[in-house]
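*Asks:* Pasting a structure below so you can have a look.
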Amino acid sequence: MDILNSPTSRLFDWPALRLLDSPTLRLLNTSTIVACAGCFRLYVAILIAAIMPTPLIIIAYGLIVYSTYTLDRALGCEEDTVNRSELSGANKYIGIGVSMFAFLAGAFILATNQIYLASILPFIIGYVYSKGLSFGGYTLKLKGSMGSKNIVIGLTWGGSIALIISRFTPNILTVAAVFLFFGIKMFINSTLFDFKDVKGDLASGIRTLPVCLGETRTKCLLLGLCISLYAVLILSMLDGFLHPEWTLLAVSFLFTASFICFYSVGFEERTSGFTKKFRQWMVIGEWPLALFMQGAVNFIF
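Quick note on numbering: the sequence shown equals residues 7 to 307 in my numbering.
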């Protein structure tokens, strides 16, 4: 009996079920983890800034993060044919439509709280990052220069969080400390993410830091930056610019330092479940674990 053509197999061969494993659905889902991580980042920023905005603002920020990264995936680019082959064949128009809907929903929620630039800035920069802007014969594209795209990512997401925080506190030093923390954190994470794309970047002539400096020197640079950043955060908490969330800070430092030391180019090609998903665990797991540890410490003491 031909199992593939049996009545049972045809019973489950519905368009809705096929969509669950389609490139289009993978396109729509690929930014979900990043959006959740963005929500946690903003929540931690709220804690260390000691402010109390409505929870809807956190949801709105997650929608902005989701829309920006989904737009990047949907528009695609030359190196993504190598780096994200699993999205080949996805309907980019559905991706763009969902991205626009998420952006408008997030921007509306933020606007009702008199927050405007925090939604517009990432979306515009995200478009320039993906497609570039043409001026005569010159095209400005943020995705291809050594380290510049990582700086732009840090400025964009650190700046958007700082803009939201500034709506609820008049202390410019608090806003500056939040901007510095999350801006440099995003610079470090985005540079580490470039490790997984080295093959495609080399093929496309994209000059990322891992391509230009190599894995070891890039890690040394990031580790030095990480240690300096957390030293500044400790001073900011001691001086009262930030609320002293010591458990959050300690767990975050351990996560970031471990990510820098142990993640490598070859991780994405391994078959082991945890090893292959190491990057995703580090992205989504940092702040939930830090918040859990903070709750445990507060309960004990």
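Cβ coordinates follow ideal geometry from the N, Cα and C atoms, glycine included. These numbers come from a predicted model, not from an experiment.
1. Put residue 167 into one of helix, strand or coil per three-state DSSP.
2. Is the beta carbon of residue 300 less than 9 Å from the beta carbon of residue 262?
3. Can you tell me whether residue 47 is buried or exposed? The criterion is at least 16 other CB atoms within 10 Å of its CB, across all chains shown.
4. Note down, one range per segment and in chain order, each beta strand (DSSP E) of at least 3 residues found wholly within the segment 39 to 84.
5. Rounded to the nearest angstrom, what separates residue 112 and residue 119 at their Cα positions?
6. Which of the three DSSP states is assigned to residue 174 in this structure?
7. Below 9 Å between beta carbons: does that hold for residue 258 and residue 296?
8. Where does residue 120 sit, in a helix, a strand or coil, going by DSSP?
9. How big is the Cα-Cα spacing for residue 42 and residue 68?
10. Inspect the beta-carbon positions of residue 116 and residue 66 and report whether they are closer than 9 Å.
11. So, does the segment 172 to 191 touch the segment 212 to 219, judging by three or more C-beta pairs under 8 Å?
12. Where does residue 220 fall in DSSP's three states?
13. Which residues in the same chain as residue 307 place their Cβ atom closer than 8 Å to its Cβ, once the five residues preceding and following it in sequence are excluded?
14. In its own chain, which residues sit with a C-beta less than 8 Å from the C-beta of residue 60, not counting the 5 before and 5 after it?
*Replies:* In short, the structure shows the following:
1. helix
2. Contact: no.
3. buried
4. none
5. 11 Å
6. coil
7. yes
8. coil
9. 6 Å
10. With contacts defined by Cβ atoms closer than 9 Å, residue 116 and residue 66 form a contacting pair.
11. no
12. coil
13. none
14. 119
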